[in-house]
Amino acid sequence: IEQPDNSVSVEEYGAVAYGEHGDRDTFDAAIASKNTAAFKQAVADADKKGMDLYIPEGTYLLDGMWTIGAENMKITGAGIWYTNIQFTSEEVSGGGVSGGNPNAKGSTVADGYCKNVEFCNMYLNSGLRSRHNEQAIYKCFMDIWADGSVIHDVWEEHFECGFWFGDYNGALDYSDDVKVVNCRIRNNLADGVNFCQGTSNAVVYNCSVRNNGDDGLAMWNDQTMGAKDEVNNVFAYNTIDFVWRAGGIAIYGGDGHKIYNNYICDMFMASGIHLNTTFPGYKFGNTTGISFDNNILVRCGTNSDSWGEDLSAIDIKQGVKNVTFNNTQIYDSPFTAIRILDNNCSGITFNNTKIFGAGLSGQDITFSCNTHSPVAIREPAGSSVKFNGLEIAGIRPDKYANNAGQANTTWPYWTDRQTPQ
């Protein structure tokens, strides 16, 4: 991708691509420091002039957090295979791209000033080695991206989180109407994307979310600093795989969210979709309706995660309410396909659900209650969950076979429900 018209290049401010000048051992630290300052100054000047910013082909080393304060600006590289941003620090708050953060080291950005920014066409990597007791503060994209900001055609990996939208510094601002589109969100230590602290009317669309160490895509309506509740967020047309903690898609509350046409597979130590009220915030206190439509879950759930906990392909517990699942397909879950863990849930409805394969690990479970075997659906006695249109097949036929060697499909053998509904 060539430099756009009406744009400045980071090279005009002294940024140097790795390998262009001298030996790595001699020049890395000096170049990384110089590049960080050049990137920040280039954004500031382009913003004053009403211009866009271009990062040419090459690998650019940055030794600290890149804070962005801009409005109505496009920041573009030459493409994900051509422009590489490498954050070299492994320290807490040592890297990543921060929108509108006035408190980051060396920041001259006005509080919350990152509006209608288009960020695209590059690869970003980091030197982060650990979550530092989950306080790394080293997301690839973080803080505030507001008023129509869109991040697209970006490949990021090896950060604490890929994207964390929330404002924990200065006056409280919101990342409303932010979009993450056509991105590769890979190999992060925690969440792929988290819409947090009031983020609303936001979208993750057509992304690949792979090998993240916490929720792949999450909505957490945290109310830190008095943040508002979250409404009308969307996760759609994403492929989510190889998550090794928590869930492929996690919803912790809010209202009006739509989660549709996602393909979730190989959650080898996680659920495919989970909903709970474990974390502080508004939770489901204001929820009148959240919908999951046309989602496919393949090999999701586990009989034993990193803490020995069992997780179903769709795992619901605590005070979840007013959630509808339409046209859900679940294939080959190692554990139970759908689990509602307690009777504090209400207004949960499944329409047109297909469960083809569950309990395929062949192992009984002891973590969450007395020893039991995986089944298609597990819920407590007296549950109010409704199932309208349900197809079930392939539930551990090796264990539940009749004397003729055929799978026994009578009700008690493939679900814990008391009576068919």
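Under this note's numbering, the first residue of the sequence shown carries the number 3, and numbering increases by one thereafter.
For every residue, glycine included, the Cβ atom is placed at its ideal position computed from N, Cα and C.
| Asked | Found |
| --- | --- |
| Buried versus exposed, by CB contacts within 10 Å (16 or more), residue 137 | exposed |
| Euclidean distance between Cα positions of residue 394 and residue 387 | 17 angstroms |
| Helix, strand or coil at residue 20 [DSSP, three-state] | coil |
| Three-state secondary structure (DSSP) of residue 9 | strand |
| Residue 218 burial status per 10 Å Cβ neighbour count (16 or more: buried) | buried |
| Straight-line Cα distance separating residue 14 from residue 274 | 47 angstroms |
| C-alpha distance - residue 227 paired with residue 171, whole-angstrom precision | 9 angstroms |
| Local conformation of residue 241 per DSSP, three classes | strand |
| Beta carbon of residue 293 nearer than 8 angstroms to that of residue 346 | no |
| Bridge partner(s) assigned by DSSP for residue 427 | Beyond the ends of the chain as shown, which are 3 and 423, falls residue 427; an answer cannot be given. |
| Environment of residue 112 [buried if 16+ CB atoms lie within 10 Å] | exposed |
| 7 angstroms Cβ shell around residue 282 - same chain, five flanking residues per side excluded | 224 |
| Within 8 angstroms, strictly: CB atoms of residue 72 and residue 12 | no |
| Helix, strand or coil at residue 325 according to DSSP, with G and I counted as helix | strand |
| Distance between beta carbons of residue 264 and residue 240, contact taken as under 8 angstroms | 5 angstroms |
| Residue 133 to residue 391 span [Cα, whole Å] | 44 angstroms |
| The beta strand (DSSP E) enclosing residue 219, as first and last residue numbers | 219-222 |
| Integer Cβ distance of residue 67 from residue 106, believed to fall under 8 angstroms | 5 angstroms |
| Local conformation of residue 331 per DSSP, three classes | strand |
| 6 angstroms CB neighbourhood of residue 204 in its chain, flanking five on each side removed | 180, 197, 235 |
| Same chain, Cβ closer than 6 angstroms to residue 90, five either side skipped, listed in chain order | 34, 63, 65, 129 |
| Cα-Cα separation between residue 350 and residue 10, rounded to whole angstroms | 53 angstroms |
| Backbone CA spacing between residue 212 and residue 123 [nearest angstrom] | 19 angstroms |
| Three or more C-beta pairs below 8 angstroms linking the stretch 328-340 and the stretch 305-316 | yes |
| CA-to-CA distance, residue 377 to residue 415, given in whole angstroms | Summary for residue 415: the model assigns pLDDT 38, below 50, so the residue's position carries little reliability, and this model does not support an answer. |
| Nonlocal neighbours in the same chain, by C-beta distance under 7 angstroms from residue 252, ignoring five residues either side | 217, 220, 276 |
| Collapsed DSSP secondary structure at residue 210 in the structure displayed | strand |
| For residue 15, three-class secondary structure by DSSP | helix |
| Segment limits, beta strand (DSSP E) that includes residue 60 | 60-64 |
| Residues near residue 262 in its chain [Cβ-Cβ closer than 6 angstroms; skip 5 each side] | 238, 295, 296 |
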